[in-house]
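Some notes on the structure that comes next.
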Amino acid sequence: MTDDSTPLPATGCRDAPVLKQRGQHEVFCGLTGIIWLHRKMQDAFFLVVGSRTCAHLLQSAAGVMIFAEPRFGTAILEETDLAGLADAQAELEREVARLLERRKDIRQLFLVGSCPSEVIKLDLARAAEKLSLQYAPHVRVLNYSGSGIETTFTEGEDACLASMVPVLPETDERQLLVVGALPDVVEDQMLDLLSKMSIDNVKVLPARRADSTLAVGPNTSFILTQPFLGGTLAALGKRGARHIPAPFPFGEEGTTAWLRAVAMEFGVDITLFDTVTHAPRARAKKAISQASEKLDGKSVFFFPDSQLEIPLARFLTRECGMTAIEVGAPYIHKGVVGPDLDLLEEGPTLSEGQDVEMQLDRCRAAQPDLTVCGLGLANPLEAEGLATKWAIELVFTPVHFYEQAGDLAGLFSRPLNRRAKLRLEAAE
Ligand code: SF4
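Taking UniProt numbering, the leading residue of the sequence shown gets 1, the next gets one more, and so forth.
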């Protein structure tokens, strides 16, 4: 297979020292994942067992849903539940019965734990098991935690997908399983590229509908599309499936390397691989070079947030000409991001976890051209004169694979353009 990408760095970051941080951290909780998961899984319902705060988070983050019959809701834990004065378990069962009676379209129901349900130790696994037996085979009831005590915002998707793996049927078929919730249009582009390489037995987790033929077994090879799916990776490993390690499909280089890893696993002919990828690679390179003009020569500092930080730092440094000062990630799982670390040239500080005040001090001292961080940090840093990019946008926007590579670079150049315009206006 032709490899005309940027040469490998003399020393990558796989074995670079990692600054481990432990302290106050600023991130959304795992409930946030429901915002994109409910769009993807068209017959699923996410019932958050939480407080009014949790309901408010969901409603405000997914305000657009007021125009449609929602696929998520909150079973509110009242003060009496929290004080142990009511049987919350029985109330939850009544709530589920009311919901399923009203909504016959629901085929998968996720009971999503929150901080309050964890504090009062509501046993959602037991509830899900009991309800699953009661409503089978029409509805499958699963549970996972989206609590802020346990999860950062992208871990909600990981917990959700990992909860589905143990109940998947067994198969001996040779198949590729692509893991991660992508917008449908992006998923279709990916499936089209794989089909052109004659890889046809491809399944996607999560499937769009519960009645898909999704199954797993020892002849399943799987590849992740998101770097925050470490729990799902472990769950699939337990089912005997084989992980295909690869850089993540961000940018031209990441997408080509991701596809190449799949092609090698399935013995795709070299000429066919080159023929299929030639035109989209050229389009992606052109789009990136146009969108990244403003990024070339600029520096970037990542606060830990989405777990996309390492693959994105690889993309920005190798394809957009940026220099990474610090790449902070909530967790660094080398089994997942190792191939991206190999490509990321030694130099930036790699940090894991967060002590927000110390990290802010490092950021202020470095004065990066662009800071990628959560919403809570972006406004104060903007006020201090730093250009920022909200990490959460990178999860909500289609950014994977060739056709989105230019948009991905554009997401980072936009804050720099905005700041340049503000400076110009101020000078006039
Ligand atoms: S799960 Fe916890 S952090 Fe998330 S909205 Fe509810 S109370 Fe807040």
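Here a beta-carbon is modelled for each residue, glycine too, at the ideal position from N, C-alpha and C. Since we're looking at a predicted model, the values are computed, not measured.
- With a cut-off of 7 angstroms, the C-beta of Leu111 is classified as distant from the ligand SF4, since no heavy atom of the ligand falls inside that distance.
- If you check the C-beta of Pro116 against the ligand SF4, you find a heavy atom less than 7 angstroms away.
- Setting aside the 5 residues that flank it on each side, Gly328 is surrounded in the same chain by Phe302, Phe303, Pro304, Ser351, each with a C-beta closer than 6 angstroms to its C-beta; the list follows chain order.
- A straight line joining the alpha-carbon of Ala366 with that of Ser299 spans about 9 angstroms.
- DSSP places Thr349 inside the beta strand (DSSP E), whose first and last residues are 349-354.
- Contact check for Ile288 and Glu252: beta-carbon distance about 6 angstroms, within the 8 angstroms limit, so the pair qualifies.
- Annotated as distal: Phe250 and Val27, with beta-carbon spacing of 8 angstroms or more.
- At a threshold of 7 angstroms, Gly338 does not count as near the ligand SF4, since its beta carbon sits no closer than that to any of the ligand's heavy atoms.
- DSSP, reduced to helix, strand and coil, places Thr371 within a strand of the structure shown.
- Judged by DSSP in its simplified three-state form, Tyr135 adopts helix.
- Annotated as proximal: Ser163 and Leu142, with beta-carbon spacing under 8 angstroms.
- Counting C-beta pairs closer than 8 angstroms gives three or more between the segment 228-237 and the segment 139-159, which meets the contact rule.
- Pairwise C-beta distances place the segment 304-324 in contact with the segment 402-414, as three or more of them are shorter than 8 angstroms.
- In the structure shown, the three-state DSSP call for Tyr144 is strand.
- For the 8 angstroms CB-CB criterion, Ala246 and Pro339 form a contact.
- Short of 8 angstroms from the beta carbon of Lys130, and not among the five residues preceding or following it, lie these beta carbons of its own chain, in chain order: Glu93.
- Of Val48, Glu309, Glu293, Cys54, the smallest CA-CA separation from Leu394 is found for Glu309.
- With a cutoff of 8 angstroms on beta-carbon distance, Glu326 and Pro348 are scored as near each other.
- Under the three-state reduction of DSSP, Ser163 is assigned to helix.
- Under the 8 angstroms Cβ criterion, the segment 168-179 does not count as touching the segment 41-59, having fewer than three qualifying pairs.
- Not one heavy atom of the ligand SF4 lies closer than 7 angstroms to the C-beta of Leu168.
- Taking the Cβ of Leu344 as the reference point, every heavy atom of the ligand SF4 lies at 7 angstroms or farther away.
- The Cβ atoms of Leu370 and Pro415 sit closer than 8 angstroms to each other.
- Pairing Gly335 with His243, the inter-Cα distance amounts to about 9 angstroms.
- For His38, the number of other beta carbons within 10 angstroms of its own is at least 16, and it is reported as buried.
- Contact check between the segment 254-264 and the segment 276-295: three or more CB pairs, one atom from each, fall below 8 angstroms, which counts as touching.
- In the three-state reduction of the DSSP assignment, Leu386 falls in the coil class.
- By the Cβ-count criterion, Val119 is exposed, with fewer than 16 other Cβ atoms from all chains shown falling within 10 Å of its own Cβ.
- Remark: the C-beta of Thr53 is in contact range of the ligand SF4, defined as less than 7 angstroms to any heavy atom.
- In this structure, Ala127 lies away from Tyr144, with their beta-carbon atoms at least 8 angstroms apart.
- Proximity of the beta carbon of Gly180 to the ligand SF4 is not indicated: no heavy atom of the ligand is located closer than 7 angstroms.
- In the DSSP assignment, Phe228 falls outside any alpha helix (DSSP H), carrying neither H nor E.
- For the beta strand (DSSP E) assignment, the uninterrupted runs of no fewer than 3 residues enclosed by the segment 291-338 are, from N- to C-terminal side, 299-302, 323-329.
- The DSSP-derived three-state label of Leu176 is strand.
- Annotation for Phe46: the continuous beta strand (DSSP E) segment containing it runs 44-50.
- A straight-line Cα-Cα distance of about 8 angstroms links Arg283 and Tyr402.
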